[in-house]
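Beneath this line is the structure, given in structure tokens, with notes to follow.
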């Protein structure tokens, strides 16, 4: 197989070739290494491609048998492998356990070949002091989006067809929108974070992956869904496999469409048009379309969003003690150090206030959207922005300006569904006039990923994106 052919296959397609013995798993690993060697010097998506990648094992049978896979350097852990979280604080850290997610990945046949870049501690976009700048294959001067920056860039550039990600406020969906990928954030409890990250980010964070096709998303849901002992949230299992859902009718849905900003400012050029276009396609399919008002009061959002940073950073003290390091300007980037210090100033009653605020927020949003089967919103109010925008490396950027710009304005359509637990997916349906991807977010009822699989399949058929390729792409470099 030539690199050009390898880079255009999705994970399901490559697994089919392995199962038919038209190519071997080791040959796919070698092609992934070649794609990495050609692409990574330009985009800086992979922080480590394992020296022993050719000897990495995965199950010989499974939906993703032999498929090359990369792991985000934050979230699920591999025993004995480095996990540095994009931070000087974690340099040299090697976990001692395999996360359940990693165990399921291997059982499905995936070959875990390395780890991808992330901004420090998952805060910010696609740059860090430790790993440098990760560049968007669609435009090297633009961010690939955070915090699943490297995985998104690697999949978009054709290094691998699938790579892990995590989402505590948009960290799968942002890079999916910016890099032209499918990015699902499952319902709370659908995918276990155990045994070492079962309650990350106020129960807002979920683990899943970046991919290019809806059938890969569906197959991955079958692979990674399911609870383990000790999980704080256990969700009802699906009625049938998600791959089966690809062949079932969608039915007629009531669709709420976001036609305006939910907080402040304007939705960027092309983004609102993408949402309207999506709604028109859905209406043509027989769905009932309604414009929906913002489901929350904008004054409530800033504190709800900021809580994840403040509560999450308070866990760093135990980490620093375990690693024998100090938390200072040598171990944290400027903005993150300011965030950490501000978090330490919160009163002892802060945690209780956060939980009460989240409870009310969930109830308010749940009531506002309960009559809709799905929602259609922008994923981001803009296309990929330039490197350095709201950077955690900016010594002059205040905590207030960072939270307002990087979260309040940018994540207004996403973070709320991390709080409520609803599943949502960013689909690469459109592009801007200058050729940058525009993601449209589809939000489902809690626990109803099956509906998202079917509606995403319908939109993929109506607005196919498989033939779109970024300028920096492994399949074009031979």
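In our numbering, the protein residues as written are 1 to 478. Ideal placement from N, C-alpha and C gives every residue a C-beta, glycine not left out.
Per DSSP, residue 207 is not a residue of any alpha helix (DSSP H); the beta strand (DSSP E) it occupies stretches across 206-211. Counting along the chain, the unbroken beta strand (DSSP E) around residue 258 starts and ends at 254-258.
In the same chain as residue 56, and ignoring 5 residues on each side of it, the C-beta atoms closer than 8 Å to its own belong to 29, 50, 111, 112, 113, in chain order. A straight-line Cα-Cα distance of about 21 Å links residue 146 and residue 269. Judged by their CB atoms, residue 421 and residue 125 are not nearer to each other than the 7 Å cut-off. Secondary structure within the segment 273-307: the beta strand (DSSP E) runs of 3 or more consecutive residues, fully enclosed, are 288-292 (chain order). By the Cβ test, the segment 251-260 is not in contact with the segment 460-470, since fewer than three Cβ pairs between them sit closer than 8 Å. Sorting 455, 165, 127 by C-alpha distance to the C-alpha of residue 242 places 455 at the top. Of 233, 222, 7, 377, the smallest CA-CA separation from residue 424 is found for 377. Here the alpha carbons of residue 76 and residue 192 stand approximately 10 Å from one another. Residue 182 is bridged by DSSP to 211. If the five residues before and after residue 379 are omitted, its C-beta is found closer than 6 Å to the C-beta atoms of 173, 177, 426, 439, 441, all from its own chain and listed in chain order. According to the DSSP assignment, residue 230 belongs to no beta strand (DSSP E), since it is labelled neither H nor E. Judged by DSSP in its simplified three-state form, residue 431 adopts strand. For residue 366, the enclosing alpha helix (DSSP H) begins and ends at 350-369. Runs of alpha helix (DSSP H) with 4 or more residues, each lying fully within the segment 412-476, are found at 415-420, 449-462, listed in chain order.
The segment 78-92 makes no contact with the segment 32-43, as fewer than three CB pairs between them are under 8 Å. Residue 67 carries a coil assignment under DSSP once its states are collapsed to helix, strand and coil. Of 12, 62, 431, the smallest CA-CA separation from residue 278 is found for 431. Counting C-beta atoms within 10 angstroms of its own C-beta, residue 315 has fewer than 16 neighbours from the protein chains shown and is therefore classed as exposed.
Closest in alpha carbon position to residue 183, among 195, 161, 39, 211, is 211. Ranking 204, 234, 286 by CA distance to the CA of residue 249 puts 286 first.
Rounded to the nearest whole angstrom, the CA to CA distance from residue 39 to residue 79 is 28 Å. Contact annotation: the segment 333-352 does not touch the segment 318-325, with fewer than three C-beta pairs closer than 8 Å. When DSSP assignments are scanned along the segment 102-132, the uninterrupted stretches of beta strand (DSSP E) that are 3 or more residues long and fall wholly within it turn out to be 111-116. Here residue 36 has 46, 49, 159 as same chain residues with Cβ atoms under 7 Å from its own Cβ, once five neighbours each way along the sequence are excluded. As a beta-bridge residue in DSSP terms, residue 375 pairs with 256, 443. Scanning its chain for C-beta atoms nearer than 8 Å, with the 5 sequence neighbours on each side dropped, one finds around residue 295 the residues 262, 364, 365, 368, 369, 416, in chain order.
Note on the segment 11-88: whole alpha helix (DSSP H) runs with a minimum of 4 residues are 11-19, 25-43, in chain order.
When C-beta atoms of the segment 122-138 are compared with those of the segment 152-171, three or more pairs fall below 8 Å, so the two segments count as touching. Residue 266 sits exposed, since fewer than 16 C-beta atoms from the chains shown fall within 10 Å of its C-beta. In the three-state scheme derived from DSSP, where H, G and I count as helix and E and B as strand, residue 97 is classed as coil. If you draw a straight line from the Cα of residue 59 to the Cα of residue 328, it comes to about 43 Å. According to the DSSP assignment, residue 264 belongs to no beta strand (DSSP E), since it is labelled neither H nor E. Take residue 83, set aside five residues on each side of it, and the residues of its chain with a beta-carbon closer than 8 Å to its own are 73, 74, 77, 90, 93, 94, 95, 115, in chain order.
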